[in-house]
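K.L.:
Submitted below is the structure of interest, expressed as structure tokens.
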Amino acid sequence: MSAVDHERLRQGVRQVCAAFPDAYWRDLDARREYPEEAVAALTQAGYLAPLIPEEYGGLGLDIGSASIILEEINRSGGNAQPAHAQVYTMGTLLRHGSDAQKGEYLPDIASGDLRLQAFGVTEPEAGTDTTSLRTTAVRDGDDYVVNGRKMYISRVQFSDLMILLARTTPRDEVKRKSDGLSVFLVDLREAVGDGLEVKPRRVMINNQTNELVFTNLRIPASSLIGEEGRGFRYVLDGMNAERILIAAECIGNGRWFIDRSTSRAREREIFGRPIGQNQGIAFPIARAHVSLEAADLMRWKAAELFEAGEPCGAEANMSLMLAAAAAWEAAEAAMQTFGGYSYDAEYDVERKFRETRLFQVAPISTNLILSYVAEHVLGLPRTF
Ligand SMILES: Cc1cc2nc3c(=O)[nH]c(=O)nc-3n(C[C@H](O)[C@H](O)[C@H](O)COP(=O)(O)OP(=O)(O)OC[C@H]3O[C@@H](n4cnc5c(N)ncnc54)[C@H](O)[C@@H]3O)c2cc1C
Numbered sequence: 014m015s016a017v018d019h020e021r022l023r024q025g026v027r028q029v030c031a032a033f034p035d036a037y038w039r040d041l042d043a044r045r046e047y048p049e050e051a052v053a054a055l056t057q058a059g060y061l062a063p064l065i066p067e068e069y070g071g072l073g074l075d076i077g078s079a080s081i082i083l084e085e086i087n088r089s090g091g092n093a094q095p096a097h098a099q100v101y102t103m104g105t106l107l108r109h110g111s112d113a114q115k116g117e118y119l120p121d122i123a124s125g126d127l128r129l130q131a132f133g134v135t136e137p138e139a140g141t142d143t144t145s146l147r148t149t150a151v152r153d154g155d156d157y158v159v160n161g162r163k164m165y166i167s168r169v170q171f172s173d174l175m176i177l178l179a180r181t182t183p184r185d186e187v188k189r190k191s192d193g194l195s196v197f198l199v200d201l202r203e204a205v206g207d208g209l210e211v212k213p214r215r216v217m218i219n220n221q222t223n224e225l226v227f228t229n230l231r232i233p234a235s236s237l238i239g240e241e242g243r244g245f246r247y248v249l250d251g252m253n254a255e256r257i258l259i260a261a262e263c264i265g266n267g268r269w270f271i272d273r274s275t276s277r278a279r280e281r282e283i284f285g286r287p288i289g290q291n292q293g294i295a296f297p298i299a300r301a302h303v304s305l306e307a308a309d310l311m312r313w314k315a316a317e318l319f320e321a322g323e324p325c326g327a328e329a330n331m332s333l334m335l336a337a338a339a340a341w342e343a344a345e346a347a348m349q350t351f352g353g354y355s356y357d358a359e360y361d362v363e364r365k366f367r368e369t370r371l372f373q374v375a376p377i378s379t380n381l382i383l384s385y386v387a388e389h390v391l392g393l394p395r396t397f
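Under our numbering, the letters of the sequence shown match residues 14 to 397, in that order.
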């Protein structure tokens, strides 16, 4: 897409988001409720299906353009998280699903008739160490039988389908610990209450996340995506896209903080002059802007490599780490700029502050990115 097309896309997303002002997100945050109306409007505009090819009813955009959509949602004051998984979770199905699976599900995911917004990887005992996960899927005739637990699996209540990573071959029977894991497309409409229990977890932000308990859940063998035992690679394949998209969300949050901070610093007069005239206020905002601009360059570099089909693991991870840190820096600057008002829900800074902190912890923590760079870019010894 050209720069002009990008600008047109930004304007289009802004137009949809304009119907959902701060008060909308603030109110939902207080009630911990799902932004149904915003998600419906974004779906209707096609903005939650940017990466689905046109032949399946999506927009067929590149990753950079898709990232603009999520950036603009966050920059508008909203939160892309309740819907962002609809944009990228289907990647596993798109890249590794059979033609029959793609034909059956992708058009309805593109139209929003089916929501694939749940992605079940994290477990209470395994955490960051994904290949130690204990949820098993054992073949039994035409079914797999799933047992185990997952933790912090978001949006299950607002999804029809979930991508599930489970062990199909015991760890002591495979050569590498990343072997023997498989990916399934679970139909939540059938599973919940019939082998799958969903226990909501209240977290610091308005994110409907859950503990999941699988007790002899039977899923048809046809729900396996790709080859049995190769699921970990399939999930990894989707990670670079997720990193780039979430880096863009961070950039959106960061720019929101800068927009609000600069307006406040110009308008708020204390000691008879705008607070922004004090370098103690202006410099942290300017510094955060510099960090955001640098992070944005890495986001576009990663997006370019991704589109060219080049390896981009390092750049995608670095873009997320830099963008999450820059957004947090901007959040800190906003807190100081708004003073006591930063704590006041009516100013939205405290809400965005909570939402922004997440990205240094999930979907991947900063430590794990540093460990990836140390080992894979700098050739340092493995630490785990
Ligand atoms: C709001 C929210 C929504 C989420 N949604 C989903 C979802 O939809 N699907 C899903 O699958 N998961 C989801 N997660 C889970 C998230 O991906 C994990 O919390 C995250 O990957 C970290 O795992 P953990 O919490 O078990 O941390 P742990 O693995 O317990 O790690 C704790 C800390 O120790 C550090 N650490 C661990 N090992 C090392 C090491 N070797 N070297 C250095 N540091 C180390 C980690 O970096 C981390 O900082 C969500 C989490 C939250 C909070």
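We put the beta carbon where it would ideally sit given N, CA and C, even for glycine.
Indicate whether I238 and G110 have their beta-carbon atoms separated by less than 7 Å.
P.N.:
Yes, they are a contact pair.
K.L.:
Identify every residue that forms a DSSP beta bridge with R214.
P.N.:
T222
K.L.:
Apart from the five residues just before and just after G208, which ones in its own chain have a Cβ nearer than 8 Å to its Cβ?
P.N.:
V159, F227, T228, N229, L230 and R231
K.L.:
Closer than 6 Å to a non-hydrogen atom of ligand 1 - does that hold for the CB of N266?
P.N.:
No; taking the cut-off as 6 Å, the Cβ of N266 has no heavy atom of ligand 1 nearer than that.
K.L.:
Would the beta-carbon of P324 be found less than 6 Å away from any heavy atom of ligand 1?
P.N.:
no
K.L.:
Under the assumption that V151 contacts L178 (Cβ atoms under 8 Å), give the Cβ distance between them as a whole number of angstroms.
P.N.:
Not a contact, Cβ separation roughly 15 Å.
K.L.:
I'd like to know if the region 93 to 105 and the region 160 to 176 are in contact, where contact means that at least 3 CB-CB pairs between them fall below 8 Å.
P.N.:
yes
K.L.:
Contact check, I259 vs P376 under 8 Å by CB: the rounded distance?
P.N.:
6 Å
K.L.:
Give every residue of the same chain whose Cβ lies closer than 7 Å to the Cβ of G314, excluding the five residues on either side of it in the sequence, and list them in chain order.
P.N.:
Residue 314 is actually Lys in this sequence, not Gly. Counting only Cβ-Cβ distances below 7 Å, and skipping sequence neighbours, we find E328.
K.L.:
Apart from the five residues just before and just after F270, which ones in its own chain have a Cβ nearer than 6 Å to its Cβ?
P.N.:
A343, A344 and A347
K.L.:
For the region 50 to 65 against the region 73 to 85, are there 3 or more C-beta pairs whose distance is under 8 Å?
P.N.:
yes
K.L.:
Out of G71, E46 and T141, state which residue places its alpha-carbon closest to the alpha-carbon of A58.
P.N.:
G71
K.L.:
By Cβ distance, which residues of its chain are closer than 8 Å to A278, with the 5 residues on each side in sequence left out?
P.N.:
P287, I288, G289, I294, A295, I298 and T350
K.L.:
Just to confirm, are Y247 and T141 a CB contact at a threshold of 7 Å?
P.N.:
No, these two residues do not count as a Cβ contact at 7 Å.
K.L.:
Assess contact between the region 248 to 258 and the region 316 to 328, defined as three or more Cβ pairs (one per stretch) separated by less than 8 Å. Is contact present?
P.N.:
yes
K.L.:
Thinking C-alpha only, which one of A261, L107 and G352 is nearest A307?
P.N.:
A261
K.L.:
Can you say whether H302 is buried or exposed, counting buried as having 16 or more other CB atoms within 10 angstroms of its CB?
P.N.:
buried
K.L.:
With a cut-off of 8 Å on the beta carbons, I'd call P137 and R168 a contact; round off their distance for me.
P.N.:
Not really, about 19 Å apart at Cβ, beyond 8 Å.
K.L.:
With H, G and I counted as helix, E and B as strand and the rest as coil, what does DSSP make of S236?
P.N.:
helix
K.L.:
Are the CB atoms of C263 and A316 nearer to each other than 7 Å?
P.N.:
no
K.L.:
Could you check which residue in V26, G90 and E46 has the C-alpha nearest to that of V362?
P.N.:
G90
K.L.:
Within the continuous alpha helix (DSSP H) that includes I82, where are the two ends?
P.N.:
I76 to R88
K.L.:
By a C-beta neighbour count over all protein chains shown, 10 Å radius and 16 as the cutoff for buried, is R45 buried or exposed?
P.N.:
If you draw a 10 Å sphere on the C-beta of R45, you find fewer than 16 other C-beta atoms in it, and that means exposed.
K.L.:
Please state the DSSP three-state secondary structure of Y60.
P.N.:
coil
K.L.:
Go through its chain and collect everything with a Cβ distance to A204's Cβ below 6 Å, but skip five positions before and after it.
P.N.:
L230
K.L.:
So, are the CB atoms of D180 and T149 less than 7 Å apart?
P.N.:
Inspection of the sequence shows that residue 180 is occupied by Arg rather than by Asp. Using a Cβ distance threshold of 7 Å, R180 and T149 count as a contacting pair.
K.L.:
Report the rounded CA-to-CA distance for G244 versus K190, giving the unit in angstroms.
P.N.:
The alpha-carbon atoms of G244 and K190 are separated by roughly 12 Å.
K.L.:
Please state whether DSSP places A321 in a helix, a strand or coil.
P.N.:
coil
K.L.:
Does DSSP put A93 in a helix, a strand or coil?
P.N.:
Three-state DSSP puts A93 in coil, outside helix and strand.
K.L.:
Quick one: what's got a C-beta closer than 8 Å to A53's C-beta in the same chain, skipping five residues either side?
P.N.:
G125
K.L.:
Just the C-alpha distance for L318 and L83, rounded to the nearest angstrom, thanks.
P.N.:
19 Å
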